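J.: From first to last, the protein sequence lines are chains S and H.
In this text, residue positions in the first sequence follow the working numbering: the first is 104, and each later residue adds one.
In this text, residue positions in the second sequence follow the working numbering: the first is 52, and each later residue adds one.
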Amino acid sequence: MRKLSAFNLATLVLGIAFLYLPIVILIVYSFNASRLVVVWGGWSMHWYAELAGDAPLLGAAFISLRVALVSATAATVLGTLAAVALVRFGRFRGRLLFAAMIYAPLVMPEVITGLSMLLLFVAISVDRGFWTVVIAHTTMALCFVAVIVQARLVDFDMSLEEAAMDLGASPGRTFMAVTLPLILPAIAASWMLAFALSLDDLVIASFTTGPGATTLPIRIYSEVRLGVSPEMNAVCSIVVAVVGIAVIAASLLTKIGAARGAPAGN
Amino acid sequence: MQTVGSKQGVARRDFAPWTDHTLAPLLRIEGLTKRFGAYPAVDNLSLAIYPGEFFALLGPSGCGKTTLLRLIAGFERASAGRILLDGVDLLPVPPHRRPVNMMFQSYALFPHLTVAGNVAFGLKQEGLPKAQIAKRVGEMLALVHLENFGSRKPHELSGGQRQRVALARSLVKRPRILLLDEPMAALDKKLRGETQFELMELQRRLGLTFIIVTHDQSEAMTVADRIAVMDRGHLMQVAPPAEIYEQPNSRWVADFIGSVNLFEGRVGLDGSSVEGTALGRLRVGAKIAAEPGAPVWVAVRPEQLRMGPNPAEPDAQWALENDVAATLADVAYLGDLSIYRLRTAAGVPLQASRANVGPFAPRTIASNDKVWLNFPRAAAIVLTQ
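Now the structure itself:
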């Protein structure tokens, strides 16, 4: 391995610090015993204990989890179907338009997605609440799922499916017995990503939520506007942990999938 | 047309069902066409394959041989024509209901299943009872000498072992026809040679019909009872290996199979010589099936050219045959034989080969040496197209 020069080391440290110092400070201060956010008063689990008794905050966290679970699952199913359609059905009429429409939300500013969702729900007079947030998050996460699953399907050896059919498996059986097991890691990874995306979304959720469906990020944001409390630091630390685990799990699953799906020996 | 020591059906002496008009073919292809866009990959092709045949589709890449195989398997949809198996049209039948199985060039082993799981896959689709599946998988693995590898995953096997798993998987359902798509392309040369003989042995033992696609002529000639030489979607010639080599029906086949010296000329007035070639007048063995004056080509295989330091003796057996003076340009020494590239005084390139045997292995001939070449009239293959 090449040795790091002093310059390389310095840029590496600065880069990592730039990315992670704020989060490290947040996590450290969540263990601060002092009520004043910027004054260090020694280590304490006090704010985590406080959190356990904060019913509105716990309620918001519970809503966020439910939204994330439902929208991640829906986005995974729809995104996988979209990816299969894009990869397997060749050049059907309107394929390019379909692909563009699937990927557009990737680069669409969240404010616009959120606002357009809000306008739609108002226009068709749907009461905003839990389900409108779920729908909005599903559309947002769907495109990420489609991209991940499509990448896996593109380097999927088509002759595996042909071999299954050749051996007597109907197209449906072939998908269930061969295709699905081989792309499952990619599907699981995209579910994790969709879950994490939904869990920490503030912008789209605040456009599409309604009474009784305050998600955790909305709750945190509104609390912090009145002043940063150490309790919020504790909540955020937990969210960082949950999202971090989900993202790491997703990347591990992608790696396993790539290793497993590669044609043996090639 | 006269042939030189023709021994047809070298592999199996009395096996030639295609000559027996009372037999019904197992597979009959009629006017089959497959177009990709405007380009015909298989063009109005007709063919009959008989039960128990080991049939090879041979041709350069892009000649349509793989497309033809995939049409039989059902992975491509024909543009026109019929494929009849035992008289029943296969074209409306989806691939998973066709009684043929395919061994893929990439092997296409399911990476998430074990070796036994791969072999059992086809039987599971038939809904056989578990005990029977296990028994037949065991028999199949024994047949390909992989009894102890059932619980391994494909990526834990060597290339040769994977190839045998793929073979076992495609044979376990006892297909009416086994389709093999370049089955030995991924093996090294030595293993390929052994595998070719094992494959022939297996085919004879099981009494199945095999259709193999290959671009390797020596492989096709080794394993097949009959070879179909294909070019641009057409069948150029369908015949046993010896006939393909010794009696090619066109310049294209003569040139594609092995090496050949080709000379263009016109049929002589006596009907058994060709005049006006680059080597002058050439005497050929039999009466040419063309009018005097018609353009024809004379093909001579390199191993038929005899090389010597002197012209043929007037009283020798070859005296009245074809005698040419040439200069040796270079020699390729290949161990078992050497290939000699020569040039006549008029600059016509020639190729000769000779087995390196005997005390006078022709290593004594060096570049720029003058030599005499002659070939018996029976060695001259006359081609009218």
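Where is the CB? At the ideal position from N, CA and C, for every residue including glycine.
Values in this document were obtained by computation on a predicted structure and should not be read as measured data.
1) Could you please give me the residues that DSSP links to S:Leu-223 through a beta bridge?
2) Relative to the C-alpha of H:Pro-143, which residue among H:Leu-160, H:Ala-124, H:Thr-117, H:Tyr-158 is closest?
3) Mark S:Pro-314 as exposed unless 16 or more other C-beta atoms lie within 10 angstroms of its C-beta, in which case mark it buried.
4) May I ask you to report which of helix, strand or coil DSSP gives H:Leu-379?
5) With 16 as the cutoff for other CB atoms within 10 Å, does H:Pro-346 come out buried or exposed?
6) Is there a C-beta anywhere in chain H that falls below 8 Å from the one on S:Pro-284?
7) Starting from H:Lys-116, follow its DSSP beta bridges and name the residues at the other end.
8) From what residue to what residue does the beta strand (DSSP E) around H:Pro-346 run?
9) Who are the near neighbours of H:Ala-377 in its chain, counting only those whose CB is closer than 7 Å to its CB and skipping five residues on each side?
10) When the cut-off is 8 Å and only beta carbons count, does H:Ile-261 lie next to chain S?
11) Using C-beta distances below 8 Å, list every residue in its chain close to H:Arg-215, excluding the 5 sequence neighbours before and after it, in chain order.
12) Using a Cβ distance threshold of 8 Å, determine whether the stretch 328 to 342 of chain S contacts the stretch 280 to 288 of chain S, with at least three qualifying pairs required.
13) Here's the rule: buried if 16 or more other CB atoms are within 10 angstroms of the residue's CB, otherwise exposed. What is S:Ile-227?
14) Is the shortest distance between the beta-carbon of H:Phe-172 and the beta-carbons of chain S less than 8 Å?
15) Step through the CB atoms of chain H and report whether any lies within less than 8 Å of the CB of S:Ala-266.
16) Can you grab the Cα-Cα spacing for the pair H:Phe-426 / H:Leu-356, in whole Å?
17) When burial is assigned at 16 or more other CB atoms within 10 Å of the CB, is H:Asn-419 buried or exposed?
18) Helix, strand or coil: how does DSSP classify S:Pro-125 here?
19) Looking at the structure shown, is S:Trp-143 part of a helix, part of a strand, or coil, going by DSSP?
20) Put H:Gly-88 into one of helix, strand or coil per three-state DSSP.
21) Taking only beta-carbon positions, decide if S:Asp-157 is within less than 8 Å of chain H.
22) Thinking C-alpha only, which one of H:Gly-284, H:Ala-305, H:Ala-219, H:Gly-113 is nearest H:Leu-253?
23) Taking H:Glu-297 as the reference, give the member of H:Val-311, H:Gln-176, H:Leu-96 with the closest Cα.
24) Does the beta-carbon of S:Trp-146 have 16 or more other beta-carbons within 10 angstroms, so that it is buried, or is it exposed?
25) Please work out which residues of its chain come closer than 7 Å, Cβ to Cβ, to H:Pro-362, disregarding the five sequence neighbours upstream and downstream, and give them in chain order.
26) Quick one: Cα of H:Pro-353 to Cα of H:Gly-110, how far?
27) Keeping to the same chain, check which residues put their C-beta closer than 6 Å to that of H:Ala-340; ignore five residues upstream and five downstream.
28) Within the 8 Å Cβ cut-off, does H:Pro-146 reach chain S?
29) Residues of chain H with CB under 7 Å from S:Asp-260, in chain order?
30) Excluding the 5 residues flanking S:Ser-340 on each side, which residues of the same chain have their C-beta closer than 7 Å to its C-beta?
31) Report the CB separation of S:Leu-302 from S:Val-346 in whole angstroms; it is logged as a contact under 8 Å.
32) Which residue or residues does DSSP assign as beta-bridge partners of H:Gly-331?
33) Given that H:Ala-124 touches chain S, what residues does it touch there, using C-beta distances under 7 Å?
34) Would you check if there are 3 or more beta carbon pairs closer than 8 Å linking the stretch 238 to 246 of chain H to the stretch 81 to 94 of chain H?
35) Run through DSSP, which three-state label would S:His-240 get?
36) At the level of alpha carbons, what is the spacing between H:Arg-227 and S:Ser-354?
T.: In brief:
1) For this step, residue 223 of chain S is matched to residue 120 along the first sequence. S:Leu-223 is not bridged to any residue.
2) Reading the second sequence from its first residue, position 92 is the one you call residue 143 of chain H. Per the Cα distances, H:Ala-124.
3) Stepping through the first sequence from its first residue, residue 314 of chain S is reached at position 211. The residue is exposed, with fewer than 16 neighbouring Cβ atoms inside 10 Å.
4) Taking the first residue of the second sequence as 1, we reach residue 379 of chain H at position 328. Strand at H:Leu-379.
5) Residue 346 of chain H sits at position 295 when you count from the first residue of the second sequence. Answer is exposed; the Cβ neighbour count stays below 16.
6) One-based indexing of the first sequence puts residue 284 of chain S at position 181. For S:Pro-284, the answer is yes, since a Cβ of chain H falls inside 8 Å of its Cβ.
7) By one-based count along the second sequence, residue 116 of chain H stands at place 65. None; H:Lys-116 has no bridge partner.
8) Looking up residue 346 of chain H in the second sequence gives position 295. That run of the beta strand (DSSP E) goes 346 to 351.
9) The residue labelled residue 377 of chain H in the question sits at position 326 within the second sequence. Excluding sequence neighbours, H:Ala-377 sits near Leu-393, Arg-394, Thr-395, Leu-401, Val-422, Leu-424.
10) The residue given as residue 261 of chain H occupies position 210 in the second sequence. With the sequence shown as reference, residue 261 of chain H is identified as Phe, and Ile is not the correct amino acid for it. Chain S contact via Cβ: absent.
11) Taking the second sequence and counting its residues from 1, the one referred to as residue 215 of chain H is at position 164. Closer than 8 Å at Cβ, skipping near neighbours: Val-195, His-196, Leu-197.
12) no
13) Counting from one through the first sequence, the residue named residue 227 of chain S turns up at place 124. Flag for S:Ile-227 reads exposed.
14) Numbered from its first residue, the second sequence carries residue 172 of chain H at position 121. Yes, H:Phe-172 lies at the interface with chain S (some Cβ there is under 8 Å from its Cβ).
15) Here residue 266 of chain S refers to the residue found at position 163 when the first sequence is read from its first residue. With 8 Å as the cut-off, S:Ala-266 counts as an interface residue toward chain H.
16) For this step, residue 426 of chain H is matched to residue 375 along the second sequence. For this step, residue 356 of chain H is matched to residue 305 along the second sequence. Computed Cα separation, rounded: 5 Å.
17) Here residue 419 of chain H corresponds to residue number 368 of the second sequence, with the count starting at 1. By the neighbour-count rule (16 or more Cβ atoms within 10 Å), H:Asn-419 is not buried but exposed.
18) Counting from one through the first sequence, the residue named residue 125 of chain S turns up at place 22. Helix, per DSSP.
19) Taking the first residue of the first sequence as position 1, residue 143 of chain S is located at position 40. DSSP places S:Trp-143 in coil when its eight states are reduced to three.
20) As a first step, residue 88 of chain H must be located in the second sequence, where it is residue number 37. If DSSP states are grouped into helix, strand and coil, H:Gly-88 belongs with coil.
21) As a working note, residue 157 of chain S is residue 54 in the first sequence. Not one chain H Cβ lies under 8 Å of S:Asp-157.
22) In the second sequence, the residue the question calls residue 253 of chain H occupies position 202. Closest by alpha carbon: H:Ala-219.
23) One-based indexing of the second sequence puts residue 297 of chain H at position 246. With distances taken between Cα atoms, H:Glu-297 lies closest to H:Val-311.
24) Within the first sequence, residue 146 of chain S is the residue found at index 43, counting from 1. Burial call: exposed.
25) To locate residue 362 of chain H, count along the second sequence from 1; it is residue 311. Only Asp-374, Trp-423 meet the Cβ criterion.
26) In the second sequence, residue 353 of chain H corresponds to position 302, counting from 1. In the second sequence, residue 110 of chain H corresponds to position 59, counting from 1. Straight-line Cα distance between these residues: approximately 21 Å.
27) Numbered from 1 along the second sequence, position 289 holds the residue referred to as residue 340 of chain H. Nothing listed; no residue qualifies.
28) Position 95 of the second sequence, counted from the start, is the residue given in the question as residue 146 of chain H. Yes, its Cβ sits closer than 8 Å to a Cβ of chain S.
29) Indexing the first sequence from 1 puts residue 260 of chain S at position 157. What S:Asp-260 touches in chain H: Ser-157, Ala-159.
30) Against the first sequence, residue 340 of chain S aligns to sequence position 237. Result list for S:Ser-340: Leu-129, Ile-130, Ser-133, in chain order.
31) For the purposes of this step, residue 302 of chain S is taken as the residue at position 199 of the first sequence. For the purposes of this step, residue 346 of chain S is taken as the residue at position 243 of the first sequence. Indeed they touch by this definition, with Cβ atoms about 6 Å apart.
32) For this step, residue 331 of chain H is matched to residue 280 along the second sequence. In DSSP, H:Gly-331 forms a bridge with H:Thr-328.
33) Mapped onto the second sequence, residue 124 of chain H falls at position 73. Residues of chain S passing the Cβ test: Asp-269.
34) no
35) Here the question's residue 240 of chain S lines up with position 137 in the first sequence. Reduced to three states, the DSSP call for S:His-240 is helix.
36) The residue labelled residue 227 of chain H in the question sits at position 176 within the second sequence. The residue labelled residue 354 of chain S in the question sits at position 251 within the first sequence. Taking the straight line joining both Cα atoms gives about 46 Å.
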